[in-house]
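These notes concern the structure reproduced below.
In the working numbering, the protein residues as written are 186 to 455.
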């Protein structure tokens with residue numbers, strides 16, 4: 186038995202309650218192409234004519250979700266009543282639906298949905314056993330597909346977690362050799378991932394370093410260039426000296442700046 190049956194080109198989840206096929210107000214509105222709430226309004230207007238336990242059953246929304254909704258939405262009142270209409274209740278409910286489509290939909294629902302359960306009940310014990318085995322096989326197949334879906338999802342999550350872990354490991358591993366080269370490699374990776382302009386990102390990191398270390402890179406750079414000039418360095422050497430040189434020659438600044446770069450790498454690349 187399939188979980189889904191098509192009525193008037195609409196997929197309806199097969200629902201059984203206490204050995205009977207049942208439908209919801211929403212099912213009825215959908216297959217009949219009626220505005221949402223039509224079936225419920227008709228039921229409320231004529232409720233005195235319906236017999237509970239014969240024409241309909243009332244269960245809680247929580248029970249309905251447990252039985253018929255694989256992945257119910259979160260929230261909502263679990264105690265809200267949900268009405269399940271039997272075949273007799275459905276036929277009484279749609280008596281006012283008299284257009285040609287309504288007659289055809291009623292025929293489809295009665296012959297292809299409600300009466301199927303009755304046909305099963307009328308089978309011989311041997312055929313019932315065969316039908317039950319087929320039903321079990323179909324259920325096993327659905328469970329296998331669901332298990333595969335869960336496994337594939339878990340595999341994907343694990344793969345992403347591994348990738349994130351590796352990225353974090355790369356970001357926090359100590360920089361032992363070629364400090365400037367490794368920092369520049371990390372920076373280029375960060376800049377590519379976050380899309381911020383090169384100079385903007387650099388200045389942002391330098392400002393964070395000044396805040397944490399309580400220093401002024403600009404002042405240090407000017408002082409260094411003055412010392413270079415006084416010692417006879419060429420204008421090209423002086424011009425090419427930058428804030429990274431200031432950081433590179435100070436162990437404390439290097440440690441702080443390395444940590445800042447690692448934090449950015451985790452934020453944008455992990």
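Glycine included, C-beta positions come from ideal geometry on N, C-alpha and C. Note that the coordinates shown come from a computational prediction; the quantities given were computed from them, not determined experimentally.
Best match in the options for proximity to residue i [C-alpha to C-alpha]
| i | options | result |
| --- | --- | --- |
| residue 298 | 438, 275 and 398 | 275 |
| residue 408 | 388, 216 and 431 | 431 |
| residue 433 | 424, 363 and 197 | 363 |
| residue 425 | 205, 406, 222 and 439 | 406 |
| residue 251 | 190, 382, 365 and 202 | 202 |
| residue 281 | 336, 212, 335 and 219 | 219 |
| residue 216 | 210, 195 and 208 | 195 |
| residue 223 | 234, 233, 232 and 210 | 210 |
| residue 277 | 286, 267 and 295 | 295 |
Unbroken alpha helix (DSSP H) run spanning residue i, endpoints
| i | result |
| --- | --- |
| residue 393 | 383 to 398 |
| residue 201 | Looking at the DSSP string, residue 201 is not in any alpha helix (DSSP H); the run it does join, the beta strand (DSSP E), is 200 to 202. |
| residue 256 | Note, residue 256: premise wrong, no alpha helix (DSSP H); not H, not E. |
| residue 231 | Run containing residue 231: none; DSSP gives neither H nor E here. |
| residue 446 | 436 to 454 |
| residue 422 | 420 to 425 |
| residue 433 | 428 to 433 |
| residue 528 | Because residue 528 is not part of the residues shown, which for the chain are 186 to 455, the question remains open. |
Delimiting residues of the beta strand (DSSP E) encompassing residue i
| i | result |
| --- | --- |
| residue 189 | 189 to 192 |
| residue 268 | 266 to 270 |
| residue 215 | No beta strand (DSSP E) holds residue 215; the alpha helix (DSSP H) holding it covers 210 to 217. |
| residue 290 | Careful: residue 290 lies outside any beta strand (DSSP E), inside the alpha helix (DSSP H) at 285 to 294. |
| residue 483 | Residue numbering for the chain in the displayed model covers 186 to 455; residue 483 lies beyond these limits and cannot be assessed. |
Reduced DSSP category for residue i - H, G, I as helix; E, B as strand; rest coil
| i | result |
| --- | --- |
| residue 245 | strand |
| residue 196 | strand |
| residue 367 | helix |
| residue 237 | strand |
| residue 304 | Note on residue 304: pLDDT 48, under 50, position unreliable in the model; no value is reported. |
| residue 299 | helix |
| residue 222 | coil |
| residue 282 | coil |
| residue 380 | coil |
*Hey, is the region 230 to 250 in contact with the region 263 to 270, meaning 3+ C-beta pairs nearer than 8 angstroms?*
yes
*Can you find at least 3 beta carbon pairs, one from the region 377 to 387 and one from the region 407 to 420, that sit closer than 8 angstroms?*
no
*Assess, as a yes-or-no matter, whether the region 285 to 299 is touched by the region 223 to 233 under the definition of 3 or more beta carbon pairs within less than 8 angstroms.*
no
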